[in-house]
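Residue numbers (mature numbering (1 follows the signal peptide of the UniProt record, and there is no 0)): -19 to -1, 1 to 141.
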């Protein structure tokens, strides 16, 4: 009886581990709340958040005179060329960052998260370039998630 119980536990562990390997990015929609430093609710909104457990990576190229350009290339197996789809610059930034898309697409949505995981900005990008205002944000590290051409892209932005 003990052997059967141990075998069941071992099989359940293997199934759980395999399920975790094959996670993909997904969108979760619902009601979200923002809180101030004392724990008071200050904002309620309906939104869709993009989550990517695989943490897609990108490249960062330094700019002369400071700052950098962050680029994210597509991850399709069918696409063998290394053409950058999204460019984020300058990074680090003071008052704004520019989001440049390789081509105009419909339904391009972004979320900017602070270090606590709260959404500080969200919106849609129309056209090939969008200027994201960071002026009201505190200095620190922010995460920018973009849903472009049906695929999630993630960037780290440093606000000076």
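Heads up, the beta-carbon is just placed ideally off N, CA and C, and yes, glycines get one too.
Residue -17 sits in a helix when the DSSP states are folded into three classes. In its chain, beyond the 5 residues on either side, 108 and 109 have a beta carbon closer than 7 Å to the beta carbon of residue 85. Nearest in C-alpha terms to residue 114, of all of 74, 10 and 67, is 74. Short of 8 Å from the beta carbon of residue 76, and not among the five residues preceding or following it, lie these beta carbons of its own chain, in chain order: 114, 115 and 116. If you check the CB distance, residue 129 and residue 78 do not come in under 9 Å.
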